[in-house]
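Going letter by letter, the sequence shown gives residues 1 to 360 in full-length UniProt numbering.
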Amino acid sequence: MKIGILTFHRACNYGAALQCFALVKKLNTMGCDAEVIDYRSKAIEQSYQLINMRGLKNFLASILCLHESMKKKKKFRFFSKAFVPISDVIYYSAPEISNQYDMCFVGSDQVWSKRINRGFDPVFWGQFNGKKATYAASMGTDHSYSSAEYAKLKGYLKNFDFLSTREDSLRNEMAPLTDKQIQTVVDPTLLISRKDYENIAIKPQEENYVLYYQMEYHPQSKDFVANIAKQLDCKVITLMGPNEQYEGVEHIHKMIPEVNVQEFVGYILNARCVVASSFHGTALPIAMRKDFYFLANNATDRSENLLRHIGALDRMKQSGETIKFLPVDYSVVEPLLNVFVSESVEYIQNCINSETKCEN
Numbered sequence: 001m002k003i004g005i006l007t008f009h010r011a012c013n014y015g016a017a018l019q020c021f022a023l024v025k026k027l028n029t030m031g032c033d034a035e036v037i038d039y040r041s042k043a044i045e046q047s048y049q050l051i052n053m054r055g056l057k058n059f060l061a062s063i064l065c066l067h068e069s070m071k072k073k074k075k076f077r078f079f080s081k082a083f084v085p086i087s088d089v090i091y092y093s094a095p096e097i098s099n100q101y102d103m104c105f106v107g108s109d110q111v112w113s114k115r116i117n118r119g120f121d122p123v124f125w126g127q128f129n130g131k132k133a134t135y136a137a138s139m140g141t142d143h144s145y146s147s148a149e150y151a152k153l154k155g156y157l158k159n160f161d162f163l164s165t166r167e168d169s170l171r172n173e174m175a176p177l178t179d180k181q182i183q184t185v186v187d188p189t190l191l192i193s194r195k196d197y198e199n200i201a202i203k204p205q206e207e208n209y210v211l212y213y214q215m216e217y218h219p220q221s222k223d224f225v226a227n228i229a230k231q232l233d234c235k236v237i238t239l240m241g242p243n244e245q246y247e248g249v250e251h252i253h254k255m256i257p258e259v260n261v262q263e264f265v266g267y268i269l270n271a272r273c274v275v276a277s278s279f280h281g282t283a284l285p286i287a288m289r290k291d292f293y294f295l296a297n298n299a300t301d302r303s304e305n306l307l308r309h310i311g312a313l314d315r316m317k318q319s320g321e322t323i324k325f326l327p328v329d330y331s332v333v334e335p336l337l338n339v340f341v342s343e344s345v346e347y348i349q350n351c352i353n354s355e356t357k358c359e360n
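Below you can see the structure in the form of structure tokens.
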């Protein structure tokens, strides 16, 4: 069966790249002929353009960072080319995709985010002909819609034969808008094994470290990480944030602003513990069965939802907390995670096997 995946495959983001890699890999191990549809979303392309034309300040900043931005984009494009099967044809609109595949999965990632897509993207809302399902679709933190927008969403949901979301909260929000059952499924990064990650990882030279991965800076986070490192008698490596934010903090060893995707996986695999404040910074250590903590600094729904499903809410902490390090009890987590994964794989299999097909 020829299956197409519609997601943020061109985003220069570790989580986006790895969830894309994981979903297409899982589908192909299930006997499908799956590939990522090379859909060039206007909003995503503009978000990652090298020169930012939105205002003088953004323009000047992008010029100053041009060399680093080019290097970053090159690293992500290399990963996609090397590890992710992508369609030869480039698509720019929903009608072009109609009936090109036996089935299309929309997701995962924040494909339904109004903020990221700058509105409602017809492609990610299934406005093309053919058999369609969502896989772990998410809106991120976008949950503020007018009554008119909810009416639109009700119509858009009719485009899909099967519906699944990444978060329970989104499932509950969408449930009144459709007569179809909506299932919460695992993020694609959890569908594949630790061995799959080992096969693409580049092992770092550093050893005996706590990996600190944050999407945005929170002053108290560094103290939390330093405390964990002190208890484990190891250094800290951080992959995000300016050097000066960590000056004078005991145990901070090295700051690495940009690594490629394979190196990123390697840093997680070889860490004593991972401390993160993002969803995929939490999901990936779980997929690799690593010790981790999630710092709930701002929006927590996505990570909290995952941790609740697998009985690991004790790994969610506040940046200001001082805690005693404890390893993850995978004897508790793994059985619950395995059930969650099995239910998600069953959802995929049911989508593939079904003869149901909506026509737009």
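Yeah, the Cβ is synthetic: ideal placement off N, Cα and C, and Gly gets one too. Source: prediction; values computed, not measured.
Per-residue DSSP class, three states only, for residue i
i, result
"V123", "coil"
"N353", "helix"
"residue 396", "With the chain covering 1 to 360 only, the question about residue 396 has no answer from this structure."
"E206", "coil"
"G241", "Residue placement at G241 is flagged as unreliable, the pLDDT there being 47, under the threshold of 50; the coordinate-derived value follows with that caveat. Coil, per DSSP."
"T184", "strand"
"K158", "coil"
"D179", "coil"
"residue 361", "For residue 361 there is no data in the structure shown, the boundaries of the chain being 1 and 360."
"Y101", "coil"
Length of the line joining the Cα atoms of residue i and residue j
i, j, result
"E207", "R115", "39 Å"
"A17", "S80", "7 Å"
"A133", "P85", "20 Å"
"V24", "Y14", "16 Å"
"E321", "N159", "46 Å"
"I202", "V328", "24 Å"
"S344", "F325", "32 Å"
"residue 365", "G126", "For residue 365 there is no data in the structure shown, the boundaries of the chain being 1 and 360."
Proximal residues to residue i (C-beta, below 7 Å), its chain only, five neighbours per side dropped
i, result
"G248", "The pLDDT assigned to G248 is 48, lower than 50, so where the model puts this residue is not dependable, and the model offers no usable value."
"P122", "A94"
"F124", "L6, V106, V111, W112 and N117"
"F128", "A94, P95, I97, S98 and N360"
C-beta atoms of residue i and residue j nearer than 9 Å
i, j, result
"S87", "G4", "yes"
"I228", "L239", "no"
"G107", "R40", "no"
"L336", "G311", "yes"
"R315", "Y293", "yes"
"G281", "Q205", "no"
"Y135", "Y330", "no"
"V261", "I237", "no"
Outcome for residue i when other beta-carbon atoms lying within 10 angstroms are tallied against a minimum of 16
i, result
"R194", "exposed"
"Q19", "buried"
Other residues of its chain near residue i: CB distance less than 6 Å, five sequence neighbours each side excluded
i, result
"C12", "Y48, K72, K73 and F76"
"L191", "A22 and K26"
"F224", "S319"
"K180", "L163"
"Q46", "none"
"K2", "D33, Y101 and D102"
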